[in-house]
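First residue of the sequence shown: 9, per the numbering used here; consecutive thereafter. All residues carry an ideal CB built from backbone N, CA and C; glycine is no exception. Just so we're clear, the structure is a prediction, and the values are computed from it rather than from any experiment.
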Amino acid sequence: MAAGNVNPFNLSDSDDEAEQRAEDGVDIEKSPSDGAPGPLSNNPFSPQADAEAPGLLVSSTRTSPSVEGISVSASAAAMAETRVSVDVIAAQLIRDHYILTALEFHTELLESGRELPRLRDYFSNPGNFERQTGTPPACKDQGLGPGGPLNRAGSISTLDSLDFARYSDDGNRESDERVAESDTQERNKNYSSHPETQEPIRPLEKRALNFLVNEYLLKNEYKLSAITFSDENDDQDFELWDDVGLNIPKPPDLLQIYRNCGSALPSPRDTVDVAVGVESGELTGNYITQKSDLLQQQQTEVVEELEYQISLLNEEKQSLADQIKKLQSEIQSLRRTVSPPPPDQGSQPNTPSSSTIPSQPPLENGQYLDIRGASEPDNPPTESNPSTQTVSNPTHTSSQPHAKLKSRGMVVFDQPNRKLSPAFQQALLSFCKMSADSRLGAEVSRIADNEESVMLMLGRCLPHIVPNVLLAKREELIPLILCTACLHPEPKERDQLLHILFNLIKRPDDEQRQMILTGCVAFARHVGPTRVEAELLPQCWEQINHKYPERRLLVAEACGALAPYLPKEIRSSLVLSMLQQMLAEDKADMVREAVVKSLAIIMGYIDDPDKYSQGFELMLLSLGDPSERVVSAIHQVFIPAFAAWTTELGNLQTTLIPSLLARIEKLLKQGEHGLDEHKLHMFLSALQSLIPPLFSVVIQNAPFTHRVNLQGDIPPIEVTRFPRPASPLQDVATIVGSRETLSALLILYDYQLEHEGTTGWDSLLWVVNQLLPQLIEIVGRINVTSTTCVHEFSRFFWRLCRTFGKIFTNTKVKPQFQEILRLSEENVDALTGNGILTKATVPIYATGVLTCYNQDDDRKLLVGFLEDVMMTLSLSHAPLDSLKASFVELGANPVYHELLLTVLWYGVVHTSALVRCTAARMFELLVKGVNETLVAQRVVPALITLSSDPEISVRISTIPAFGTIMETVTQKELLERVKMQLASFLEDPQYQDQHSLHMEIIRTFGRVGPNAEPRFRDEFVLPHLHKLALGNNVQATESKRIDIATQLFEAYSALSCCFISEELMVNHFLPGLRCLRTDMEQLSPEHEVILSSMIKEGEMKVENRGIGQAEGSVSIAASLVGEDAKTKFLSKMGQLTTSGAMLANVFQRKK
């Protein structure tokens, strides 16, 4: 090496090792100055080196070679010029672990102002002193240098000696970690040899380090740092190690790596036991106990390993003994069948025997495969060549593809015509490298010869195979695991394999779970109920509280899938309890949904009548679940299965349905001041899901069931005969068995109802005489103004009537409603006190019963009923809530718009003004849902007709409908017509003193103003409100004045939420508010304070717009959110004595 190319600072570990080997006598090529004794000036610890001038030191570091590589010239002048640098001395001291000397040297250099970077960096790094011991340089021969591991007592395990990676979710990775650790050692060696030429970090290494750093931060509660670190690496998923992309197991955490200094744990052969200076009497009893327990555990593991090796050797010994016996029998057979050759041919007398001898040494050598089955019967051939060796075929199978192999019987190997001694042949074959010392080598060297041996081998190998298979491909192992678990003779091994199956994939997706469940069912079918209970159920129980919802979902689905294969006692006790616990405690919607479906399967197989009450409680619990997925599963799966069981028990009509009806009645009694609509929906939806099972009970227990004939042509069932079922389990055809059976039953059912009656038909009589009257009585008690309740009961009766058929509806359902409602012309005067017409019975009968069938007769009946109700309620001055509820429910379906308009036209042309007023008010409800064509052709002409009615009350009743048209319609022609009509109401002198008309107009403006077309609001609503407020100031009648002022306050409160231009604000809005404030000062001081605040805020907005540019659409109400204004506003609002509904409009009405 040239002297000019050597850097004295580059002191690699390889050079150190070379020097150490030279000192030990190893012949290494070096320059004369490396190891040979020389003058004192060449000694690295020579005083001359320390006394060297600074300038000379700089020169030497640039041009002089290092101590190990310098070539000294023979001349004395060259030797005098060669000086050892200070850095070389420091490196030598650190390398030989003279730490105190190096520290003293560093201190002297600091005092002289010549700080050395190598010493400064070394002593400033605390990591150099945490694991170092005072190991002299001589100990380097033992591999325990400065960076080596600490010596430990052989019987004491410390925290940093534990193998944490083996307890990871991916299983035992000891072998992989040995490979990874050896790679780490090699890389550390390379990096330490070339510290200044370390290669840049690779992307995969970076992702792995990122994962470990994030894991360290989370474990040590550096959560904010972990979040920041995760945000800066948003391209990486820190929850899954597999996202790193490495096909190696997860390494230990950073703490473990740091404690091991990046090197592998010392092997036993490299460990030296070092005595510690502690007497046994000084140790506590706990420590001694722990130490003895640890020793006992280690000894137990050693004994188990030795026993396993002994079993392997015994098996090999038995195999070899069997082979020897077979070979001996073959030799005897060959001797009997082959005569010895003549001696004059020069051949050996024992040629047949000697020809088989060379085959024995390989079979006796433990390194060779045992390929001969010990259970194969000895069938020697009748004729054989003496120069061949025969081996029995180990194949044992009855399958067709292997029949040819089995028919061969014997495997023949050609033997060479050589005279090698057995010892020589064995020694020669020993050069074929084979390994039977390791676990895998021992398995490879023993090929199984029957099914049991295969199962034993798979049971031993699968736990080592599974952790090394990619997560995305592990489902490919399911058949292998299940087959082994089915056939393995050892219960412990079977349990381990099933544990592997349920933990095969950390978070299995739908397809993977289905594959595992399919395997579990196949396993259950194969092994029977006893082993399913003993082996599969414990695996489910272990994972019932697993942290991953996918694993809990697998448990829930497995309970249902395995239910048919479990003992019935376990099915109705342990499994039912497991699912009940998961339903009550699990927080994941998808898990509870799967639990409900599995409970349904349990209900389909349970046969213990005592569990009925538990099933009913589970149904109620699930119906109250906040998740729609769970509730949907209840209706689709659980209730049909539970109803099928109760039908078999005979409890459907006697217990289940009456229990739900009783709960509805109790709910109505408790809800007089506020009905819990959610619970009502819950119970009523359950009743609705029970309609198909109820109808099935009726037709299957009818007098005609014995006449069912499935022979011949059976007409198909009409597609619209039944409502669309929510699931196949709610299909009546599925419940009764087939569509053919259902069709035959329906024919007899309709004939029985129409011609033969219901005598002796107990199941139908219960529906007619008990269920329907109770339902109608419940309907009469619900609140008619509750749109939700009306809709729920309407849908229930619609499904009930459609399921039981048109004949049943016309002959059994409608007469009961008509008897209660008692509608007829001659009873109009007597119906003044008929309260049933104001109840929910009217809309539910109209929308739930009369709309079931849509033929002309049915439509005429519906129109006639609505006309009669409208007339009866109008003439009796009764509330119109029931009629309004009917119009709202029917108006939601466009099919009935023409029908409703026909009903209203009947009211428009009616002779009674009361009926005409009712018709005018009903138009308001219908306008919102009707298309604009019908509004233009049917609604507006009818309203124009009513607006010119002789009765002023009829004209006033049209104002809300006109306002709704202004709110919903976009056609300009219609809007102009409505605007002209409203203007005539406001400007015609005949209406100047119509207090009720003004009240209705102001109320309508407040309702539709925020949502109406802006031009209509700006040009029509605000100016006329200003006029009405101004006119109210001179109103003489105080009661009328307070009524108008109150309505104006509500209207202005609603309109304050809209954008109002500066011109309108100045010309109409603020003047109108000032007029209103004038009224409120005298009539309602509480309102006056709020109006003053509104006026003040409006004036401020006008001033701000005049000063600066407008800031956009900001309403006066929105400006009240300032702290001072809001405090004052809210404090005054609390003092108002007006109704809460009136004041709520201030906040509820928004554009």
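Just verifying my parser: in three-state terms, what is the DSSP assignment at residue i?
i: D250; result: helix
i: D503; result: helix
i: D739; result: coil
i: K847; result: coil
i: D865; result: helix
i: D129; result: helix
i: D1026; result: helix
i: D104; result: coil
i: R91; result: coil
i: N901; result: coil
i: R210; result: coil
i: D876; result: helix
i: N322; result: helix
i: Q306; result: helix
i: A927; result: helix
i: G720; result: coil
i: V776; result: helix
i: W806; result: helix
i: C797; result: helix
i: G1080; result: helix
i: Y224; result: helix
Take residue i as the anchor and find which of the options has the nearest alpha-carbon.
i: Y1161; options: V716, G788, R747; result: Outside the modelled stretch of the chain, which goes from 9 to 1159, sits residue 1161, for which no answer is possible.
i: F712; options: Q1090, V583, F993, A752; result: A752
i: H885; options: L506, I486, V923, Q782; result: V923
i: Y613; options: E577, H799, I642; result: E577
i: L262; options: D243, F219, F246; result: F219
i: I952; options: K325, S882, I967, N939; result: I967
i: D245; options: K605, L217, F805; result: L217
i: A652; options: P617, R803, V917; result: P617
i: V638; options: N1040, Y556, A602, Q661; result: A602
i: I722; options: T749, A741, V705, T728; result: T749
i: L1099; options: M598, R1085, V916, V947; result: R1085
i: Q661; options: A641, H686, A596, P700; result: P700
i: L479; options: C440, L509, F801; result: L509
i: I743; options: T728, Q778, V706; result: V706
i: Q1055; options: L1036, V1042, A1044; result: L1036
i: L994; options: T976, V977, P1031; result: P1031
i: E625; options: E636, Q589, R559; result: Q589
Which residues does DSSP list as the beta-bridge partners of residue i?
i: D1087; result: According to DSSP, which records beta bridges pairwise, D1087 is partnered with nothing at all.
i: D261; result: None; D261 has no bridge partner.
Give a yes or no on whether the C-beta atoms belonging to residue i and residue j are separated by under 8 angstroms.
i: S1064; j: M1102; result: yes
i: Q738; j: P634; result: no
i: G1106; j: A1059; result: no
i: F825; j: V798; result: no
i: S848; j: I755; result: Note that residue 848 is Ala in the sequence shown here, rather than Ser. No, these two residues do not count as a Cβ contact at 8 angstroms.
i: L912; j: A944; result: no
i: A694; j: M627; result: yes
i: P557; j: V604; result: no
i: I964; j: S1004; result: yes
i: R122; j: A99; result: no
i: L933; j: F895; result: yes
i: E459; j: L505; result: no
i: I609; j: G568; result: yes
i: L954; j: V916; result: yes
query = If you scan the stretch 557-593 from start to end, which runs of the beta strand (DSSP E) of 3 or more residues do you find wholly inside it?
reply = none
message = My parser needs the alpha helix (DSSP H) runs of 4 or more residues fully inside the stretch 517-554; what are they?
response = 518-535, 545-550
request  = Could I get the ranges of all uninterrupted alpha helix (DSSP H) runs contained in the stretch 619-672, with 4 residues as the minimum, in chain order?
outcome  = 620-631, 636-641, 647-657
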